[in-house]
Each structure stands twice: as C-alpha cells, then as structure tokens.
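Before any comments, here is the structure.
Numbering (our numbering), first residue to last: 3 to 123.
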C-alpha cells in the first residue's frame with residue numbers, strides 16, 4: 003500500500019496538523035496565475051441553494067468554507083468531515099459566524115453510518 007493511500011499515515015503524519023496544507027495554500031496564494039482566488043472560484047462553482055444540506059468530505063482545514071461564510075445562504079447547513087482531527091482543530095475553530103456547521107473526524111468506512119446519525123438526529 004502506498005503511504006498516500008494509507009489512512010494511518012495520512013492521519014498521523016502527513017495531516018496530523020494543518021501545517022503541510024497551509025504551506026501548500028500559501029505557495030498557491032503567492033505564485034498562482036489564476037485571476038480569482040481559489041476559495042472564490044470554489045464558491046462560484048458550488049451553487050449552494052437555500053435550505054440545502056452540504057457534505058464536505060475531506061474538508062481539511064476548512065479554508066474554502068471559512069473564506070466564504072458570509073456568502074452562503076443562511077438556511078443552508080454544512081457537515082464538514084476530515085480523517086484528521088488535527089486538521090479539523092486547526093481550521094474548525096476559525097469558521098467565524100458559520101454556526102450552522104457540524105464538524106467531525108471520520109474515516110471513509112464509517113461515513114455512511116455517521117451521516118445517517120447526523121441527518122436523522
């Protein structure tokens with residue numbers, strides 16, 4: 003198994019904290035030739051509607067959600083998930099006024115059970 007598909011390696015080493023991802027984000031911010039920032043581009047292509055439930059699997063440090071909190075409809079609800087609790091700790095606390103988000107750490111084999119619990123609660 004490649005270390006890049008090994009959930010333990012990804013959770014415990016590569017993404018035990020948001021530092022590696024933050025470094026890559028900074029590189030893109032400094033050297034990108036894109037006309038709009040990545041988080042703006044993501045928002046413009048999501049098309050989130052009123053009263054919509056949004057599941058973000060592998061949300062990382064939640065940068066794209068944090069940067070767009072004021073743009074999402076007030077009635078939409080977000081379920082942000084990542085394998086790494088360290089990644090979520092690094093980003094989840096900075097979601098600002100986005101109080102309609104459930105943030106949780108869950109591996110792929112458990113995702114269906116977790117979502118059933120969240121959506122039926």
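C-beta atoms are modelled at their ideal positions from N, C-alpha and C, and glycine is treated no differently. A quick note: this is a predicted structure, and the numbers were derived from the prediction, not measured.
Residue of the options minimising C-alpha distance to residue i
i           : options           : result
residue 57  : 78, 8 and 11      : 78
residue 46  : 26, 74 and 64     : 74
residue 69  : 30, 15 and 41     : 41
residue 88  : 43, 38, 32 and 16 : 16
residue 124 : 91, 19, 67 and 92 : Outside the modelled stretch of the chain, which goes from 3 to 123, sits residue 124, for which no answer is possible.
residue 90  : 7, 19, 71 and 80  : 19
residue 63  : 31, 35 and 92     : 92
DSSP state of residue i mapped onto helix, strand, coil
i           : result
residue 76  : coil
residue 118 : Caution applies to residue 118, whose pLDDT of 43 falls short of 50 and renders its modelled position unreliable; the value that the coordinates give is listed next. In the structure shown, residue 118 sits in a helix (DSSP, three-state: H, G or I).
residue 3   : coil
residue 48  : helix
residue 69  : coil
residue 82  : strand
Endpoints, beta strand (DSSP E) assigned at residue i
i          : result
residue 55 : 55 to 59
Delimiting residues of the alpha helix (DSSP H) encompassing residue i
i          : result
residue 33 : 21 to 33
residue 16 : Looking at the DSSP string, residue 16 is not in any alpha helix (DSSP H), and its letter there is neither H nor E.
Close beta carbons around residue i, own chain, < 8 Å, minus the five adjacent residues each side
i           : result
residue 123 : Here residue 123 scores only 40 on pLDDT, less than 50, and its place in the model should not be relied on; the value that follows carries that caveat. Correct list: empty, nothing qualifies.
residue 38  : 46
Cutoff 7 Å; reference residue i; Cβ partners in own chain excluding five residues on either side
i          : result
residue 13 : 85 and 86
residue 22 : 16
Heavy atom of the ligand FAD within 7 Å of residue i beta-carbon
i          : result
residue 20 : Although the ligand FAD was asked about, the structure shown includes no ligands whatsoever.
Inset, instruction - Pair every Cβ in the stretch 14 to 34 with every Cβ in the stretch 47 to 56, then say whether three or more of these pairs are closer than 8 Å. - result: no
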